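Enquirer:
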Amino acid sequence: MSTRNRKVVTWISLIVFVVMSIMFSTQNAIVVNAQTAKNVSKEKAAIDFIKSVYSDFRTIKDNDAFDKAIQEQVSEKAGSFKQLLKDRKYIHEQDDVSFNTEEHLISEEYKKPKVVFEDENSASLFIEAEYQYKEEYAKGSNVKAEDNEDLTSGIQVFYKVNMLKENRIWKIKDVQSNDLTAGVMFPGCIYDANEWGNSANVKKNSVKSLYKSQQKKEEYNLKEILERRKQEGEISKKDQDKINEKGSIESKVVAVKRHGKFHKMYAKPLRNYQNKWWNKRNPKYQNCDSIGGDCTNYASQVLHAGGAPYDKTGKLRWYAGNTTWIRVVELRNYLLKNTYTGPFGKKVSKRSSLTCGDLIQLGNYNTVVIYKGGMNDPYVTAHTSNYKGKFIKRYGMSGTTNILVKGYYD
């Protein structure tokens, strides 16, 4: 064999060796990755999916990486859920444009997942998380950094994760939650999700049927959602040069003759209470999460912290644990009709009239408290589910009653 031919053979042998080495390494990597995936617990798989793909604060931003993660982590049987994930991502991105803001995560905390039920190839998990974030205004806004520096937002989110085991690997079948985007797509989840948590705290066998019954396809109209959020964003953006307006509860006056001595309500104690208790329950009061929700109970606590005394006499009464204290319609009727001891108020048409301590009620099912007002899109706090942030971003615009709390009598 000539020297030239020997060199050719040597080069061919070297190339074959390199190719075989690469193939062997790739095969080993695939095997290792598959073995690793098979060793991942359902709890870890669920939380990793929420953090990287599902959450409003997802770590995967790139569209190609996002699609790849869906293909790898979501069950082959979850075609409609895959489309929902893509629509969620698009809605959230368009919200940033419509509202001229972006949420920047400050911190996140996940509690240990609760396995509600499982069998050999399926499982349902309940996961509770809390996010602290900052609403950063985009370029072109009139908001100065110092005007917004104290307005850190936060939200408590419940996730119900249904999973399937495919080739010994846990995959996501679907997820339901009450996060910001879910609230835009399915507004009822903001309140219904509290029941998932209550259910997860009882025996697994007794809630299996409940979780199974809730695994129904949720309907939404993407076009209508985007149009509605565009309109709501325009309303919110009009307020962005007013965010430094201070609530003036001190200046509210009484126009109706009533009984007892009138007292103004000042913003500081009202806001201090909200800062401390918006995301937890004050042990001095009954926790109403399991009996219809804690939203109005929390609102009454804020008013009481602002100085409003209990009212335990007469036809209308307002004190901790009383129906008037914890129910939406009953509190509304009390505030609008009370003429003796305790807080009182009036309905107003303009949300911009509301300041710290005033209330917004959504239909007959939820009460939120103004944290910082003077705007059509005020900062609010609420229970069931816990929230602190811009009103429209969370609740939209429909079906509200604005109650200006004028003060209280003792």
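Just so you know, we're using this note's numbering here: the sequence shown kicks off at 731 and counts up by one.
Cβ atoms here follow ideal geometry from the backbone N, Cα and C, with glycine treated the same way.
Keep in mind the model is a prediction, meaning the values are calculated, not measured.
(1) What does the Cβ neighbour count give for Q961, buried or exposed, with the cut at 16 atoms within 10 Å?
(2) In terms of alpha-carbon separation, which member of Y1070, A859 and W1048 lies closest to K781?
(3) Return the first residue and the last residue of the beta strand (DSSP E) that H712 is part of.
(4) In the DSSP output, which residue or residues are listed as bridge partners for E865?
(5) Name the residue from L1092, K1136, R1124 and S805 whose alpha carbon lies nearest to the alpha carbon of T1085.
(6) For the candidate residues A776, E823, I821 and H822, whose alpha-carbon lies nearest to that of I800?
(7) Whole angstroms are fine: how far does the CA of S1030 sit from the CA of K1042?
(8) Excluding the 5 residues preceding and the 5 following I920 in the sequence, name in chain order all residues of the same chain whose CB lies nearer than 7 Å to its CB.
(9) Does DSSP put N1132 in a helix, in a strand, or in coil?
(10) Who are the Cβ neighbours of G1129 in its own chain at under 8 Å, not counting the five residues just before and after it?
(11) Is the CB-CB distance between G844 and F856 below 8 Å?
(12) DSSP has Q886 in a bridge; who is on the other side?
(13) With DSSP as the reference, label F811 as helix, strand or coil.
(14) Nearest to L894 by CA position, among Q886, M915, V887 and D849, is which residue?
(15) The alpha helix (DSSP H) spanning K953 covers which residue range?
(16) Can you tell me whether K968 is buried or exposed? The criterion is at least 16 other CB atoms within 10 Å of its CB, across all chains shown.
(17) In angstroms with no decimal places, state the Cα-to-Cα distance between N793 and V1032.
(18) Do Q813 and F779 come within 8 Å of each other at the CB atom, strictly closer than that value?
(19) Where does H834 land, buried or exposed, given buried means 16+ other C-beta within 10 angstroms?
(20) Within its chain, find whatever has a CB closer than 7 Å to the CB of N763; leave out the 5 residues flanking it on each side and keep chain order.
(21) When the distance is taken between beta carbons, is D825 closer than 8 Å to R959?
(22) If I measure Cβ to Cβ from E839 and keep anything under 6 Å in the same chain, skipping five residues before and after, which residues do I get?
(23) Taking a contact to mean a Cβ-Cβ separation below 8 Å, would you say I902 touches V891 in this structure?
(24) Who are V1144's beta bridge partners in DSSP?
(25) Kindly indicate the opening and closing residues of the alpha helix (DSSP H) around D797.
(26) Hey, would you say K1045 sits closer than 8 Å to D1140, going by beta carbons?
(27) Of the choices D1088, P1108 and N897, whose alpha-carbon is the least far from that of T1026?
(28) Alpha carbon to alpha carbon, how far is R1124 from K1067? Give it in angstroms, no decimals.
(29) Looking at the structure shown, is G913 part of a helix, part of a strand, or coil, going by DSSP?
(30) Considering only C-alpha positions, which residue in the set G1036, M1127 and K772 is nearest to R898?
(31) Let me know if K1102 comes out buried or exposed under the rule of 16 or more other beta-carbons within 10 Å of its beta-carbon.
(32) Kindly identify the DSSP beta-bridge partner or partners of M995.
(33) Restricting to Cα atoms, I'd like to know which of H1034, G1051, I955 and G1072 is closest to Q1004.
(34) Could you have a look at F787 and say whether DSSP puts it in helix, strand or coil?
(35) Can you find the residues in the same chain that come closer than 7 Å, C-beta to C-beta, to N924, ignoring five residues on each side of it along the sequence?
(36) Would you decide whether I1133 is buried or exposed? Buried here means 16 or more other CB atoms lie within 10 Å of its CB.
Expert: This is what the structure gives:
(1) exposed
(2) A859
(3) The structure shown does not extend to residue 712, since the chain is modelled only from 731 through 1140, so no value can be given for it.
(4) E833
(5) K1136
(6) A776
(7) 14 Å
(8) N908, G913 and S1115
(9) strand
(10) L1092 and G1093
(11) What sits at residue 844 in the sequence shown is Lys, not Gly. Yes, they are a contact pair.
(12) E860
(13) helix
(14) D849
(15) L952 to K968
(16) exposed
(17) 43 Å
(18) no
(19) exposed
(20) Only weak support is given to the placement of N763: the predicted model assigns it a pLDDT of 47, under 50, and the value that follows is read from those uncertain coordinates. If we look at N763 and ignore the five residues flanking it on each side, it has no Cβ neighbours.
(21) yes
(22) E860
(23) yes
(24) Summary: the structure shown does not reach residue 1144, with the chain confined to residues 731 through 1140, and so no result is reported for it.
(25) N793 to Q803
(26) no
(27) D1088
(28) 30 Å
(29) helix
(30) K772
(31) buried
(32) Partner(s): none; M995 has no beta bridge.
(33) H1034
(34) coil
(35) D1019, G1023, T1114 and S1115
(36) buried
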